[in-house]
Amino acid sequence: MTDGSTRDLSQPSGAPSRQIEVVAPYAHDKLVFLFVFAFFTIALFLWWHFDHSYPFWDGAAHVKDSIAYAQLIKHAHIFKASWIKQFLTVNYDYPLTVHFINGIFKAALGFGRISDMAALLFYQAIFMASLYGLSLKLGKNHLAAALAVVIACSYPLVAMLSHVPLLDYAYLTFTTLALWGIANFDSKMDWRNALIMGICLALGATSKQVSVLFLLFPCLFLLGRETKARHGKNIARLALAGACPALALLLWMLPNLKALAAWRDYYKNDPTLSGGPVNVFFDHFSHYLSGLVGMLSPGLLLLAALAILWLSRSRALCKQDIYIAIAASVCGLLLLCCVGLNKPEQRYVIPLAIAPAIYSGQLLAGWLDDRKLKFAAWTVLFFALAQFVLLNYTPYPINASDAFEHVVYKIAGHNVSREMVEPRPAPTPGGDRWGQEWVIDQIAAANAKDLLDQPGKKGAKITLNLMPSTPDLSVHTIDLVCIFTNTQIEPSTFRQFTLHGDMVRYDEGALNYYEWYLLKTGYQGSPLDSQASKDNYKKILNFVQNPEHFTLYSERNLPDGSKLQLYRRKQT
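Under the numbering used here, the letters of the sequence shown match residues 246 to 817, in that order.
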C-alpha cells in the first residue's frame, strides 16, 4: 500500500480497497522521529550512567541466567548434545530469547552493568522503531507516529522497565515488533511478509510467553477473514507465520517439560488459587485495571481516553484499525486474568501501553494541524516530557526536596516509597547505599584473616543466610554481588516463595549449617504467608541473636533508618 491509502480490515484482501483521504505529511515530519529517537536514547544512557544500584529480586536472577548464556557462548560446542541441552534448559520458567540476547551482550562487553545498559538501549531502539512503524501502518502520518513514541516513552512504567534487567522491557519491545509484523503482512500479503511476520511473532512469543495472549486476536482475525474469503494462498501464508512461534515455543517447552509440569503442580494447590478461577479472574482484572493509572499516569491516561473517543468519530482513519487494536489489548488482558499461576503485577500487561500511545499520537498530530488546538497539543507534550524528566531524574541527579518528590510521584500516579516493588524511577547514587558490597567485604575480610591462622581452609565455601528479602537485600542480589566479586560465599535463605507470601520452616539442624547470618531491623521485605511462618521466622531470629550460638560481627546503618546486622557462628 504505497499510495497512502488505508484498507478497511473488515474487507477481504482481494476486495477493492476503500480509499480514505489522508493529509500528506510536512517534509520535516519524517525528521521528528530521529530527534525523538536521539532524545530518549541519550536519556536512557544518562540514567544508567548516574545509577549505581544492583538488580533486585527477579532482575538479579535474570542477570545470572544471562551470565550463564554468556559462558555457554564463550565455550560453544554446538555439535555436542550436552551443550545443546544445557543451552535449552538454563531457565525453564521462560523461553530463552531475552536471556540469550543479553548473554551475547555480556559475552562481548563483560558481566557488569555496561552490558545490561547496552541490552536495554538495544531493546529501546527496536521498541521505538517498531512503534513508529506500527503507528505509520495504521495512520499513515509520520508526525503522529513520532508523537506516539514520545507518549509511550513518557509513560512511567515503560520508562521504569528500561532501568532494570527484567524481561518485561524486551517483552514490550518484541510484542510491539510482532504487531508491526502483523500490520506489515496485512498491508501486503506475500510470502516474504509472511516470513517476516512469523519471525516477529516468534520473537514476541519467546520474549515472554504471555505475549501470545496479546497477539492472538489480530492473528485469528486475519485468519478468519481470509478463511471467509477462501483465499487459500493467504491462509497458507498465515500458517507459515503461525508455525514460526509454535516451533520456537516448542524448542523451549519440550526440553523443560518435566520442570514445567513440576512448577504447575507446585502452584496449582496454592491457597491463593483455592477461591476458584472466577475469583482469580476478578482479582487480577481489578488489579490490572486500577494499575493503568500508575502505568500511564493520570494525565496521559486521560489523553488516551480522549484520543480513542476522537478517533472513533474521525473520518481520517479506518475505524476498523482502531477497534482491532483495542480488541487485541482487551483480549490479551482478559486472557491474562485467567492465568492464576502468578501474582498480578502491572508489568505483565505492559503491552496495554501500545494502543493508547498510538492513538494519543494521532490526536496530538491532529491538534497541531488545528490553529485553535495547537497550543493544547504543545502543552500536553511539555507536560509529558516534564513528567518524564522529573520522575526519572529526581531526587537524583536533579536535587529536589521530599515535598517536591511527593508531588512528582502523585502526578505520575505513584505512591512515594523507598521500597517499591516495581523498579525505582530515579537512579541510585553511588556509595553502596544498601550495604550489598559491605556484607561481602566484611565476610571476605574475616575469611582472609582466618586463612592466615588456618591455611588449610583455603577454597572452602562460606555459607551465608539472608533473613530479609527486600528489593536490595535478597538472596538473588547478594548472589550476583558474589559473582561480580568472585568470592567463595554461597548465599541462601530459609524463605520459600509462594503466591501469598514467603514460607519459612524451622530446622535447628539447618540453622547450624550456616556460618554467617544477615539480619535487618525495620522493613523485612516480602511478607510471610502464615502465622506459622511468622513464628518460625521469630524463632530463627532468637536462635541467631543468642550469644551462645552466634556473635554480632558488624553493623551498618541504611538510608531508610534501619540497620544491617551481620552475625557469625560462635568460634570454638
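Cβ coordinates follow ideal geometry from the N, Cα and C atoms, glycine included.
Candidates the options: closest to residue i by CA position
| i | options | result |
| --- | --- | --- |
| A629 | L546, P674, L618 | L546 |
| F372 | P640, C445, S360 | C445 |
| I603 | H651, V281, A397 | A397 |
| Q733 | G426, N429, S311, D724 | D724 |
| A493 | D614, A393, N787, T342 | T342 |
| N710 | A689, L440, V789, M442 | V789 |
| R801 | N438, K783, K765 | K765 |
| T451 | R813, A484, W497 | W497 |
| V538 | K382, V625, I569, L402 | L402 |
| L809 | E753, V335, F729, Q769 | Q769 |
| A305 | D774, Y414, C727, H721 | H721 |
| S775 | F742, G487, C489, L756 | F742 |
| A690 | R813, F633, S557, F430 | R813 |
| D431 | L417, F466, F280, Y798 | F466 |
| Y798 | P792, Y533, L811 | L811 |
| I427 | L406, S407, L460 | L460 |
| F729 | F350, A610, I685, L485 | I685 |
| K753 | A321, T738, F284, K784 | With the sequence shown as reference, residue 753 is identified as Glu, and Lys is not the correct amino acid for it. Nearest of A321, T738, F284, K784 to E753, Cα basis: K784. |
| L499 | G577, D528, L333, D510 | L333 |
| L406 | W292, Q331, H320 | W292 |
| F633 | H307, R475, G544, V335 | G544 |
| G611 | W555, T624, F301, P589 | W555 |
| A404 | N787, L635, E650 | L635 |
| Q687 | W508, S531, N524, W761 | W761 |
| P340 | R475, D677, N501 | N501 |
| M434 | F462, H408, R470, K453 | R470 |
Integer Cβ distance of residue i from residue j, believed to fall under 8 Å
| i | j | result |
| --- | --- | --- |
| D274 | L376 | Their Cβ separation, rounded to whole angstroms, is 16 Å, which puts D274 and L376 out of contact at 8 Å. |
| T286 | A370 | 7 Å |
| I571 | A552 | The pair is not a contact, with the Cβ atoms about 11 Å apart (cut-off 8 Å). |
| T708 | Y758 | 6 Å |
| D717 | W679 | 4 Å |
| L366 | L422 | Not a contact, Cβ separation roughly 16 Å. |
| Y593 | V394 | Between V394 and Y593 the Cβ distance is about 23 Å, and since that is not below 8 Å, they are no contact. |
| Q681 | V726 | 5 Å |
| A326 | I346 | Actually they are not in contact, since the Cβ atoms of A326 and I346 sit about 24 Å apart, beyond 8 Å. |
Opening and closing residue of the alpha helix (DSSP H) in which residue i lies
| i | result |
| --- | --- |
| I595 | Element bounds for I595: n/a, residue is neither H nor E. |
| I685 | 681-698 |
| N781 | 776-790 |
| P401 | 401-406 |
| E590 | From DSSP, E590 is part of no alpha helix (DSSP H); its letter is neither H nor E. |
| N637 | 619-638 |
| H297 | Element bounds for H297: n/a, residue is neither H nor E. |
| L756 | 753-756 |
Range of the contiguous beta strand (DSSP E) that encloses residue i
| i | result |
| --- | --- |
| W761 | 761-765 |
| F795 | 795-802 |
| Y812 | 808-814 |
| I728 | No beta strand (DSSP E) holds I728; the alpha helix (DSSP H) holding it covers 720-730. |
| I643 | Neither: I643 is in no beta strand (DSSP E) and is coded neither H nor E. |
| L709 | 707-711 |
| S311 | Premise fails: S311 lies in the alpha helix (DSSP H), 303-319, not in any beta strand (DSSP E). |
| I734 | 734-737 |
Cβ-Cβ distance between residue i and residue j below 7 Å
| i | j | result |
| --- | --- | --- |
| G658 | Q591 | no |
| A374 | V277 | no |
| S574 | L608 | no |
| S714 | S771 | yes |
| D296 | P640 | no |
| L580 | L468 | no |
| W436 | L379 | no |
| V749 | S719 | no |
| L613 | A621 | no |
| F419 | L381 | no |
| N637 | P670 | yes |
| D413 | I595 | yes |
| P410 | D338 | no |
| Y368 | H344 | no |
| Y416 | L541 | no |
| I318 | F356 | no |
| L548 | S605 | yes |
| G443 | L485 | yes |
| D747 | L786 | no |
Cβ of residue i within 7 Å of any chain C Cβ
| i | result |
| --- | --- |
| G477 | Protein chains in the displayed structure number just one, and chain C is not present. |
Alpha helix (DSSP H) segments (min. 4 residues) lying fully within the stretch 331-365: 342-354
What alpha helix (DSSP H) runs, 4 residues minimum, are completely inside the stretch 526-571? 537-541, 543-558
Contained alpha helix (DSSP H) runs [length at least 4] in the stretch 403-485, N- to C-terminal order: 413-432, 436-452, 456-473
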